[in-house]
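For the sequence shown, the working numbering gives the first residue as 878, with consecutive numbering after it. This report concerns only the one structure given below.
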Amino acid sequence: MGVEAAVVIDQWALVRLGIATVLQAMGITVVAEEASGRDGLLRARALEPGLLVLGAMSDLGVAEAVGQARQLPVQPRLLVLVSALAPSDVSELMAFSPDAVLVRSAGADELRDAVTKLQAGERVVAPALLSAVMDGMQGHGDAAGPLTAKELEVLARLAEGKSNQQIAEALFVTAATVKTHLSNIYGKLGVANRREALARALALGLLS
């Protein structure tokens, strides 16, 4: 599914200009540019863009802005630009499931690639942020710690589209055991279902 319109929010005019230039070259119309997070979110509510880019804002933290964006009546894809983030900040941000998280210093090619992946329904996390994201996600779910080797095996079979019973047969365990593994995976990744688990695992680089 393509993105035809975007709203760009960043407190620096040159950053907004750079983002808008890349998006417009991709055939995406930038319908609004705002320095203020609150003003930008109001424009997004009114204009219903397919893409909302959230950069640095003097009035809102990035996680707060993403949380408010998730309350918009018509949900845009959310692309977030961040600088350095502590694991606790990442945990708060990822709880709102942004569609893409890039470093603020990303170049035009990286931004273009991320938007292309968003249009294809993928989630994107910049490689430089994966470690912080993984640390933050481990603290976000119901179960602490990284995925075990068995859980990664289950996740890989899940990516192949196999049912619980098919996964059980492939791994020589019971269907109940697979269900337990899936519950642990959902908790550790902070997701609610198979689709979200696969999207989050791809974003975190857990699946090739």
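Don't be surprised by glycine CBs; every beta carbon is placed ideally from N, CA and C.
Local Cβ density within 10 Å of residue i, reported as buried at 16 or more and exposed below that
i            : result
residue 984  : exposed
residue 991  : buried
residue 920  : buried
residue 887  : buried
residue 910  : buried
residue 1086 : For residue 1086 there is no data in the structure shown, the boundaries of the chain being 878 and 1085.
residue 881  : exposed
residue 825  : Given a span of 878 to 1085 for the chain in the structure shown, any question on residue 825 remains unanswerable.
residue 1069 : exposed
residue 1067 : buried
For residue i, the residue or residues it bridges with in DSSP
i           : result
residue 993 : Residue 993 is not bridged to any residue.
residue 886 : 911, 931
residue 977 : 956, 1001
DSSP state of residue i mapped onto helix, strand, coil
i            : result
residue 954  : strand
residue 906  : strand
residue 937  : coil
residue 1040 : coil
residue 1083 : coil
residue 947  : coil
residue 1050 : coil
residue 1067 : coil
residue 898  : helix
Own chain, CB closer than 8 Å to residue i, minus 5 neighbours either side, in chain order
i            : result
residue 1084 : 1032, 1033, 1036, 1075, 1078
Other residues of its chain near residue i: CB distance less than 7 Å, five sequence neighbours each side excluded
i            : result
residue 885  : 893, 896, 897, 907, 910, 930
residue 937  : 914, 915
residue 939  : 931, 957, 959, 970
residue 925  : 951
residue 1055 : 1031, 1041, 1044, 1045
residue 947  : 973
residue 1071 : 1035
residue 1051 : 1045
Sequence-distant residues of its chain with Cβ nearer than 6 Å to residue i (five each side left out)
i            : result
residue 922  : 949
residue 1003 : 979, 980
residue 883  : 900, 905, 907, 926, 928
Cβ-Cβ separation, residue j to residue i (assumed contact under 8 Å), whole Å
i            : j            : result
residue 1001 : residue 1080 : 7 Å
residue 995  : residue 977  : 6 Å
residue 1062 : residue 1024 : 6 Å
Any non-hydrogen atom of the ligand FMN within 7 Å of residue i CB
i           : result
residue 922 : As for the ligand FMN, it is missing from this structure, which has no ligand bound.
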